[in-house]
Amino acid sequence: MIRAQTSAQPELLPDPTCHDARDLTKGGTTASIVLDGKIYTLRITRAGKLILTK
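By the count of the working numbering, the sequence shown reaches residue 62 at its end, each step adding exactly one.
Right, here's the structure in full:
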């Protein structure tokens, strides 16, 4: 099978904003995040995992 080579380049997307979870929690284990007037809680577990709850 012969495949045609194309010169199409992949679409470049801007890098998403990146935040360190430890900065958001100010060295603690929880941070509050507001979206559309609703408050969410970001929690760092003892195992180092992130949990986001409403």
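Even glycine gets a Cβ: it sits at the ideal position worked out from N, Cα and C. Being a predicted model, the structure only gives us computed values, none of them experimental.
**Item:** For T53 and R30, the rounded distance between their alpha carbons
**Value:** Counted from its first residue, the sequence shown places residue 30 at position 22. Counted from its first residue, the sequence shown places residue 53 at position 45. Each residue's alpha carbon lies about 12 Å from the other.
**Request:** Could you tell me the distance, in whole angstroms, from the CA atom of L43 to the CA atom of E19?
**Result:** The count along the sequence shown starts at 1 and reaches residue 43 at position 35. The count along the sequence shown starts at 1 and reaches residue 19 at position 11. Looking at the two C-alpha atoms, the distance is approximately 29 Å.
**Message:** Using only CA atoms, which one of K46, G56, K62 and L60 lies nearest to G35?
**Reply:** The residue you call residue 35 lines up with position 27 of the sequence shown. Ranking K46, G56, K62 and L60 by Cα distance to G35 puts G56 first.
**Asked** What did DSSP end up calling L32 once you bin it into helix, strand or coil?
**Response** Numbered from 1 along the sequence shown, position 24 holds the residue referred to as residue 32. Three-state DSSP puts L32 in a helix.
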